[in-house]
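Structure, as structure tokens:
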Amino acid sequence: MAFSRPFFFKEKNYFCIHKIILLISSLDDSYSFSKFKDKQNSSMDIQIENLSKRYGPQKAVDQLSFQVKTGEILGFLGPNGAGKSTTMKMITGYIGIGGGEVRIGDKSVQEHGDELRKHIGYLPENNPLYLDMPVIDYLRFCADLQGVQKEKIEERIRLMVRMCGLNTEKHKKIGELSKGFRQRVGLAQAMIHDPEILILDEPTTGLDPNQIVEIRKLIRELGKEKTVILSTHILPEVEATCDRILIINKGKIVANGTAESLRKQATGQEILKLRIEDGTTDQILHELRRISSVDMVELMDRNLNRFELQSRTGASSKREVFKLCVQKGWILTELIPIETRLEDIFRNLTTN
Amino acid sequence: MHTIWVITKRELQSFFDSLIAYIMLILFLGFSGFFTWLYGSDIFLVGQASLEGFFGIAFWTLFFFIPALTMRLLAEEKKTGTIEMLLTKAVTDRQVVMGKFLSTFLLIAVALVFTLPYPITVANIGNLDIGQVVCGYIGLLLLSGAYVSIGLYASSITNNQIVAFLTALFIGLFLQLIFDVLAGNFTGLIGQILNTISLSNHFESISRGVMDTRDLIYFFSIIFAGLFLSELSLTKRNLE
């Protein structure tokens with residue numbers, strides 16, 4: 086055996102070395118896993134303080150301050166050019182921060198940007214993609230760049246293909262896909278590395294109604310454990326998906342709260358539409374005006390006995406109206422509380 | 736390092752998918768082969784077992800081809816907006832620049848590998864100076880590196896590929912020709928400076944078979960400067 090192979094190529098030894106390598110890599114795994122756990126515990130909240138950005142003389146973002154907690158979906162609303170995309174670009178670290186600070190999980194984006202980007206999934210506006218790449222190759226490229234472990238890449242790709250409904254198109258080049266499918270690829274690449282933070286700039290543009298419902302459901306599902314910011318022009322979408330709404334105009338926050346609380350702020354006074362039968366119109370009108378919580382009653386339709394009733398600020402007259410009808414023996418056939426639509430709130434806040 | 740290689744791989748794939756790589760390989764081999772073996776002062780006319788003719792041709796073909804390869808590297812990504820997608824992944828600007836540089840450099844290295852039959856053939860028909868050939872190839876590689884990094888920089892300052900191509904050619908033309916011509920017209924210090932910054936001078940001295948540290952320093956500083964400036968112009972978006 087004078088010409089035997091070097092010791093480390095002998096099968097037995099090779100096996101040993103292989104085992105050691107496995108052991109080391111598993112140690113490394115558990116180490117990184119525990120690090121990952123720590124990060125989860127310390128939570129990936131986004132805190133934004135006095136964020137500003139100028140483009141020449143124009144202030145694109147002006148002293149913006151808000152925060153998003155883990156497990157919260159924030160809807161970012163605003164007219165075109167309000168500074169939504171600019172804010173998102175600053176959070177993801179694509180463009181520099183003009184003033185103020187963005188902190189993700191207690192780390193400043195300016196100082197730890199490279200490290201934080203691993204935890205962010207970002208779908209840019211207009212969804213730029215490499216059109217010459219097949220879908221699968223593109224997703225593999227993104228997973229590779231985001232540092233997904235080699236063994237997990239295929240599994241993540243399969244999951245994303247299933248979640249985003251890309252199965253029939255996965256071997257086509259992205260350039261051959263329709264807009265809706267491209268949007269799905271954009272979403273898939275943003276989520277491929279299972280990030281703790283998702284920043285989606287108009288995620289549902291170009292999707293068909295079925296897909297919109299699915300994607301919203303997906304976002305809501307993801308939002309339970311992740312921090313999600315999404316911007317959109319579609320107002321019902323915000324109501325359907327978001328826990329909190331932030332409306333900005335000309336770089337400034339003009340409203341911040343749940344859809345419910347925004348409505349309360351905007352309406353102030355309760356408005357009810359009533360239809361009361363079995364009574365003379367004038368008598369009903371007279372009695373309604375005598376209720377203490379009522380501010381104003383207007384007769385809408387004399388033949389059908391329709392009224393519009395406005396309560397005093399902070400008061401509700403629903404119960405009083407009902408009691409009155411019972412007492413007088415009238416039949417209350419309609420009582421519709423008028424909700425201020427989100428569209429109206431949006432228009433009010435952003436047109437002045 | 737892994738990240739750089741991921742980017743390099745994608746770029747190389749894109750070169751080969753879009754046929755650019757094949758066209759470049761065929762044209763480069765066609766040109767250099769034609770002028771080395773068949774036309775002008777080719778090997779048979781010169782009658783010496785030397786590849787100096789080939790190195791002279793490759794010197795000019797690479798000068799024209801490299802800007803055509805590098806022009807799309809960053810300009811296209813800026814135009815389509817994919818640069819935003821790329822830079823918001825877990826990569827640094829430097830890794831993107833290095834990855835793109837490496838991809839084009841490797842493609843040209845492959846093209847040069849395909850010309851290896853030339854020296855092998857010549858070595859069979861005459862007494863070839865191996866040292867000189869090795870130095871010539873090293874010179875071509877260094878020259879390619881320098882032009883790729885200049886091309887990359889030209890591509891990083893614009894989102895129009897034609898502008899990137901012309902800018903790279905323009906800068907290259909000074910290094911390739913103009914400084915050398917001017918150096919002949921000046922004497923004294925200015926002439927010396929022009930001689931020092933002329934790329935063709937340094938290439939000639941390497942391809943003659945003289946490996947001088949001054950030439951190496953010259954090429955590496957051009958490569959470094961190009962990469963550094965490319966990274967700078969990517970990072971500039973943060974400062975505006």
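Chains E and B are the protein sequences, given in the same order.
Going from the first sequence to this note's numbering is simple: count from 1 and add 85.
Going from the second sequence to this note's numbering is simple: count from 1 and add 735.
Glycine included, C-beta positions come from ideal geometry on N, C-alpha and C.
Predicted model only: the values in this text are computed from it and were never measured.
Check, Outcome
"Bridge partners - Gly-160/E, DSSP secondary structure assignment", "Leu-315/E, Ile-330/E"
"Residue closest to Ala-918/B, alpha-carbon to alpha-carbon, out of Ala-784/B, Leu-901/B, Asn-936/B, Arg-807/B", "Asn-936/B"
"Limits of the beta strand (DSSP E) - the one that Lys-337/E falls within", "337 to 342"
"Ala-793/B, enclosing alpha helix (DSSP H) - first and last residue", "787 to 805"
"Opening and closing residue of the beta strand (DSSP E) in which Leu-762/B lies", "It is not in any beta strand (DSSP E) - Leu-762/B instead sits in the alpha helix (DSSP H) that spans 755 to 768."
"When Arg-269/E, Ile-330/E, Gln-368/E are compared against Asp-293/E, the one with the closest alpha-carbon", "Arg-269/E"
"Meets three-Cβ-pair contact criterion under 8 Å: the region 277 to 289 of chain E and the region 252 to 264 of chain E", "no"
"7 Å Cβ cutoff met for Ala-82/E and Arg-301/E", "With chain E covering only 86 through 437, there is no way to say anything about residue 82/E."
"Asn-135/E, enclosing beta strand (DSSP E) - first and last residue", "131 to 140"
"Where the alpha helix (DSSP H) through Ala-858/B begins and ends", "852 to 860"
"Simplified DSSP state of Tyr-215/E, which is helix, strand or coil", "coil"
"Secondary structure of Gly-178/E, DSSP reduced to three states", "coil"
"Sufficient close CB pairs (3 or more, under 8 Å) joining the region 805 to 812 of chain B to the region 829 to 845 of chain B", "yes"
"Cross-chain neighbours of Asp-279/E in chain B, by beta carbon under 8 Å", "Chain B residues near Asp-279/E: none, gap ~13 Å exceeds 8 Å."
"Cα-Cα separation, Glu-428/E to Leu-974/B", "37 Å"
"In DSSP terms, what Gly-184/E is bridged to", "Ser-137/E"
"Euclidean distance between Cα positions of Cys-227/E and His-318/E", "28 Å"
"Amino acids of chain E, ordered along the chain, whose beta-carbon sits closer than 9 Å to that of Ser-753/B", "Asp-217"
"Buried or exposed (CB count within 10 angstroms, at least 16 for buried), Ile-205/E", "buried"
"Three-state secondary structure assigned by DSSP to Thr-815/B", "helix"
"C-alpha gap between Ile-330/E and Thr-436/E, whole angstroms", "18 Å"
"Where the alpha helix (DSSP H) containing Pro-294/E begins and where it ends", "294 to 308"
"Which residues DSSP lists as bridging Asp-386/E, in chain order", "Arg-391/E"
"Chain B residues whose Cβ lies nearer than 7 Å to that of Leu-230/E", "Thr-738, Val-741, Lys-824, Ala-825, Val-826"
"At least three beta-carbon pairs within less than 8 Å, the region 844 to 862 of chain B to the region 755 to 770 of chain B", "yes"
"Contact under 7 Å by Cβ, Ile-180/E with Lys-174/E", "yes"
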